[in-house]
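**Student:** I have a structure I would like to understand better, so I am pasting it below and will then ask my questions one at a time.
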Amino acid sequence: MTEYWPWWAGAAGLALTTINYAVTTDRSFGVSGAWDRVLHWRAERRVERVNEQFADERVLTAALAAATTDQFGAGSAPPAAHPAPDDDARTPRRDGRRPASPSPSLARLLPAPLVSQVALLLSIFVGGWIAAVTAGRFQLRLDMGDAFGQIVSDKPIEMIGALFVGGVLVGFGTRLAGGCSSGHGLNGCGRLQPVSIVATAVFFGTGVLVSFLLWKVI
Amino acid sequence: MRTRGGILAANIIAGLALGYTVANIGFGDYGELNRMFTFQELRMFLAFAGAVAIIVVVFAALRVRRTPGRLHAGVIPGAILFGGGWAISGGCPAIPIVQVASGYLPALVTIAGIVVGIRLCRWANMRYFHLDSGSCER
């Protein structure tokens, strides 16, 4: 079995993952946000369909101009927000088909496609599995390891109860706080966002407090 | 990489890299996590803090834009619940996935708990909290 990575390799890996995503997509990623959107996929699909109707800024501008003309006459239509060459692919289409992609300024404001959030969660599984297999750590087991048994409980019912309650707290807490260790911790703190710095300090601080209680008291 | 397909590819790369890295740091190992939180071993804490330090420097150099974020009423209570749940179950939202991928089958219970918690939060937010975006409703 291979040892865990030294701290500097872990830091480099986490930083590279976060920086690569931000630079290539101009977005942040957050695992709790991905969970939230995947679990509410029906509502998210409805939002995506509405967004797709107005995916092109020029189509939206043309629709607003047409509505203004209908209401106030031909001389009152506002100019297009971003004039483009005649053969621009983003020119409004009159055949009803969707444009190939949203305009860059609008695309940044839209949430990442739902399918990409599903892919993120599945890819985490595959990445974790590759790491476990290549390091010789993969082993199917019905416990959470010796440390969990010593610190929390080694009784199956208590273990399941602790894992479930802990999971509910994680799920509820991350969505209430608006992010988790990846969203607030890496992406938010990396951007020096005050809300993320506060959230990260609080969840790490609580983690320290509860872990000491479990280790020394309970 | 800012088209639909590009974002999909970026998410797959980020997921693979995150799962691989988190598993190799040891975040999926409850014993390692407890040793980090109780300061018996600083390796994982330094990995996280070191990553944040690198990201801060690189983002500043590249002038990566800030995303909107507001310190609303749900942030601190939510972070307290999350920190407590992380210490008890050993899982933040990505880690139980890595634990199951490493063979820890009881982590499926943690995932079930996370599913219930996330759905409960959105329901409670719509019914009681009415917090704006950035909280339960993204």
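Protein sequences, first through last, are from chains A and B. When you line the first sequence up against the UniProt record's numbering, it's residues 1 to 218, in that order. When you line the second sequence up against the UniProt record's numbering, it's residues 1 to 138, in that order. From the three backbone atoms N, C-alpha and C, an ideal C-beta is built for every residue, glycine too. Keep in mind it's a predicted model, so treat the numbers as computed, not measured.
How would you list, in chain order, the residues of chain B whose beta-carbon sits under 8 Å from the beta-carbon of A:L39?
**Tutor:** Near A:L39 (Cβ distances below 8 Å), the residues of chain B are V115, I118, R119.
**Student:** Here's a check: name, in chain order, each residue in its chain whose Cβ is nearer than 6 Å to the Cβ of B:V116, leaving out the five neighbours to either side.
**Tutor:** The answer is none, since no qualifying residue turns up.
**Student:** Have a look at the DSSP bridge pairing and note the partners of B:Y104.
**Tutor:** Beta-bridge pairing links B:Y104 to A:R141.
**Student:** Quick one: what does DSSP say A:W8 is sitting in, helix, strand or coil?
**Tutor:** Correct three-state label for A:W8: helix.
**Student:** Along chain A, in chain order, which residues have C-beta atoms closer than 8 Å to that of B:R43?
**Tutor:** Residues of chain A passing the Cβ test: Y4, P6, W7, G10.
**Student:** B:R127 to B:G15, Cα distance in whole Å?
**Tutor:** One C-alpha to the other measures close to 33 Å.
**Student:** Around the C-beta of A:H82, are 16 or more other C-beta atoms found within 10 angstroms, so that it is buried, or is it exposed?
**Tutor:** Because the pLDDT at A:H82 is just 43, under 50, the model does not fix this residue reliably, and the value given afterwards should be weighed accordingly. Counting Cβ neighbours within 10 Å, A:H82 comes out exposed, since fewer than 16 surround it.
**Student:** Just to confirm the assignment, what range does the alpha helix (DSSP H) spanning A:D36 have?
**Tutor:** First-last of the alpha helix (DSSP H) with A:D36: 31–39.
**Student:** Roughly how many angstroms lie between the CA atoms of A:Q193 and A:N187, to the nearest whole one?
**Tutor:** C-alpha separation (whole angstroms): 9 Å.
**Student:** Within 8 Å of any Cβ in chain B, is that where the Cβ of A:R141 sits?
**Tutor:** A:R141 counts as touching chain B.
**Student:** Could you check if A:D87 is buried or exposed, using at least 16 other CB atoms within 10 Å of its CB as the buried criterion?
**Tutor:** In this predicted model, A:D87 has a pLDDT of only 39, less than 50, meaning its place in the structure is not dependable enough to derive any value.
**Student:** Using a beta-carbon distance below 8 Å, is A:G207 in contact with chain B?
**Tutor:** Yes, its Cβ sits closer than 8 Å to a Cβ of chain B.
**Student:** Should the stretch 117–135 of chain A be called in touch with the stretch 5–21 of chain B, which here means at least 3 C-beta pairs below 8 Å?
**Tutor:** With a cut-off of 8 Å, the stretch 5–21 of chain B and the stretch 117–135 of chain A count as touching, because enough Cβ pairs lie within range.
**Student:** With DSSP collapsed to three states, give me the class of A:D146.
**Tutor:** Residue state, collapsed to three classes: helix.
**Student:** List, in order along the chain, the chain B residues whose C-beta lies closer than 8 Å to that of A:A162?
**Tutor:** Within chain B, the residues near A:A162 are I88, S89.
**Student:** Would you mind giving the Cβ-Cβ distance between B:V109 and A:G167, rounded to the nearest angstrom? I have them listed as a contact below 8 Å.
**Tutor:** Indeed, because the Cβ distance is near 7 Å, the residues count as touching under 8 Å.
**Student:** Roughly how many angstroms lie between the CA atoms of A:G13 and B:V22, to the nearest whole one?
**Tutor:** Cα to Cα, A:G13 sits roughly 9 Å from B:V22.
**Student:** Could you tell me which uninterrupted alpha helix (DSSP H) segments, each at least 4 residues in length, are contained entirely in the stretch 147–190 of chain A, listed from first to last along the chain?
**Tutor:** Runs of the alpha helix (DSSP H) inside the stretch 147–190 of chain A: 156–177.
**Student:** Which runs of the beta strand (DSSP E) at least 3 residues long sit entirely within the stretch 37–114 of chain B? Give them in chain order.
**Tutor:** None, since the stretch 37–114 of chain B contains no complete beta strand (DSSP E) of that length.
**Student:** With contact counted as at least three CB pairs below 8 Å, one residue from each stretch, are the stretch 139–159 of chain A and the stretch 61–75 of chain B in contact?
**Tutor:** Taking 8 Å as the limit for Cβ pairs, the verdict is that the stretch 61–75 of chain B does not touch the stretch 139–159 of chain A.
**Student:** Pop quiz: A:A119 and B:I12 are said to be a contact at Cβ under 8 Å. What is the actual Cβ separation, rounded to whole angstroms?
**Tutor:** About 5 Å separates the two Cβ atoms, so the contact holds.
**Student:** Pull up the CB-CB distance for A:V198 and B:I80, whole angstroms please, since I reckon it's below 8 Å.
**Tutor:** Between B:I80 and A:V198 the Cβ distance is about 12 Å, and since that is not below 8 Å, they are no contact.
**Student:** Residues in the stretch 90–114 of chain B with C-beta within 8 Å of chain A's C-beta atoms, listed in sequence order?
**Tutor:** From the stretch 90–114 of chain B, only G90, G91, C92, P93, A94, P96, I97, V98, Q99, V100, A101, S102, G103, Y104, L105, P106, A107, V109, T110, I111, A112, G113, I114 have a Cβ closer than 8 Å to chain A.
**Student:** Does the beta carbon of residue 223 of chain A come closer than 8 Å to any beta carbon on chain B?
**Tutor:** Past the boundaries of the shown model lies residue 223 of chain A; chain A is included only from 1 to 218, so the question cannot be answered.
**Student:** Which residues in chain B have a C-beta closer than 9 Å to the C-beta of A:Q53? List them in chain order.
**Tutor:** Going along chain B, no residue has its Cβ under 9 Å from A:Q53, so there is no contact; the nearest lies around 15 Å.
**Student:** Going by beta-carbon coordinates alone, are B:T38 and A:F203 separated by less than 8 Å?
**Tutor:** No, they are not a contact pair.
**Student:** Could you compute how far the alpha carbon of B:G5 sits from the alpha carbon of A:V115?
**Tutor:** Distance between the alpha carbons of B:G5 and A:V115: 10 Å.
**Student:** Rounded to the nearest angstrom, how far is the Cβ of A:A15 from that of B:A51, given a contact under 8 Å?
**Tutor:** About 4 Å; that satisfies the 8 Å criterion.
**Student:** In chain order, what residues of the stretch 121–137 of chain A put their CB closer than 8 Å to some CB of chain B?
**Tutor:** Going along the stretch 121–137 of chain A in chain order, one finds L121, L122, S123, I124, F125, V126, G127, G128, W129, I130, A131, A132, A135, R137 with a Cβ nearer than 8 Å to chain B.
**Student:** Considering B:F27, what are the terminal residues of the alpha helix (DSSP H) in which it resides?
**Tutor:** Here B:F27 belongs to no alpha helix (DSSP H), and DSSP marks it neither H nor E.
**Student:** Name the two residues that bound the continuous alpha helix (DSSP H) containing A:V195.
**Tutor:** Here the alpha helix (DSSP H) through A:V195 covers 194–212.
**Student:** Establish whether the CB of B:Y128 and some CB of chain A are separated by less than 8 Å.
**Tutor:** Chain A, which has no Cβ nearer than 8 Å to the Cβ of B:Y128, makes this no.
**Student:** Count the other C-beta atoms from every protein chain shown that fall within 10 angstroms of the C-beta of residue 167 of chain B, then say buried if there are 16 or more, exposed otherwise.
**Tutor:** Lying outside 1 to 138, the shown extent of chain B, residue 167 of chain B is not represented and no answer is given.
**Student:** What's the C-alpha gap between B:L120 and B:I97?
**Tutor:** If you take the alpha carbons of B:L120 and B:I97, they lie about 20 Å apart.
**Student:** Can you pull the chain B neighbours of A:T17, defined as C-beta to C-beta under 7 Å?
**Tutor:** Result: A14, A17, L18, T21.
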